[in-house]
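Numbering (this note's numbering), first residue to last: 1 to 157. Note that CB positions come from ideal geometry on N, CA and C, so glycine has one too. Quick caveat, the model's predicted, so the values are computed rather than measured. For reference, the structure discussed in these notes is given below.
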Amino acid sequence: MLKKIIFTGFVVVSVIAIFAFMSGNKEESSTVAGHDGGQGIHFIEADWNKALQEARKQNKLIFLDAYASWCGPCRMLKKNTFPDKEAGEFFNKHFINVAVNMEKGDGPSLAAQYRVDAYPTLIIADADGGMVTYTKGYISPKQLIDFGSYGLSQQKK
Numbered sequence: 001m002l003k004k005i006i007f008t009g010f011v012v013v014s015v016i017a018i019f020a021f022m023s024g025n026k027e028e029s030s031t032v033a034g035h036d037g038g039q040g041i042h043f044i045e046a047d048w049n050k051a052l053q054e055a056r057k058q059n060k061l062i063f064l065d066a067y068a069s070w071c072g073p074c075r076m077l078k079k080n081t082f083p084d085k086e087a088g089e090f091f092n093k094h095f096i097n098v099a100v101n102m103e104k105g106d107g108p109s110l111a112a113q114y115r116v117d118a119y120p121t122l123i124i125a126d127a128d129g130g131m132v133t134y135t136k137g138y139i140s141p142k143q144l145i146d147f148g149s150y151g152l153s154q155q156k157k
């Protein structure tokens, strides 16, 4: 009887673990908040060179969300911080917003360039790709706006 209980418990835990892994590991098409036309931060879908070109064209800094698909705090940013209306208004007005998975596409080279060693890393870069400032870890919408304001104040005139 004890063996049946242990075996059943093992099966239940295994099934839960498999579903958790599968749901957490999928790459979402709307990984980036605001992508759906909502009120939050709108991130462009472009490679890094196109983001740099767009920043030059619009005379703006770049806000880079350097994330990994498996990162819990990255998901919290996407769920709680990036959809915020005030953060969206501020960042959409002042920055070219780009989210890059640091493990795919341009990600590995950007991770090396900006020495990304933790996720999430939020970077403000100039139109030439030079780092203006950065922060690591989860931050609230107000902290994100403060971070963006600081980045704007550090911009070379």
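So for residue i, helix, strand or coil by DSSP?
i	result
Ile139	coil
Phe147	helix
Met76	helix
Phe95	strand
Ile44	strand
Starting from the Cα of residue i, find the closest Cα among the options and give me that residue.
i	options	result
Lys104	Ile41, Ile5, Asp47	Asp47
Met131	Tyr114, Met102, Leu152, Ser69	Tyr114
Ala68	Pro141, Tyr134, Val116, Asp128	Val116
Gly72	Thr121, Ser109, Glu89	Thr121
Ala125	Gln143, Leu152, Phe90, Leu144	Leu152
What are the boundary residues of the beta strand (DSSP E) that includes residue i?
i	result
Ala125	121 to 125
Can you check DSSP and say which residues form a bridge with residue i?
i	result
Leu160	Outside the displayed range of the chain (1 to 157) lies residue 160, so it cannot be described from this structure.
Met1	DSSP output for Met1 lists no bridge partner at all.
Thr133	Ile124
What first and last residue would you give for the alpha helix (DSSP H) that runs through residue i?
i	result
Ser109	107 to 113
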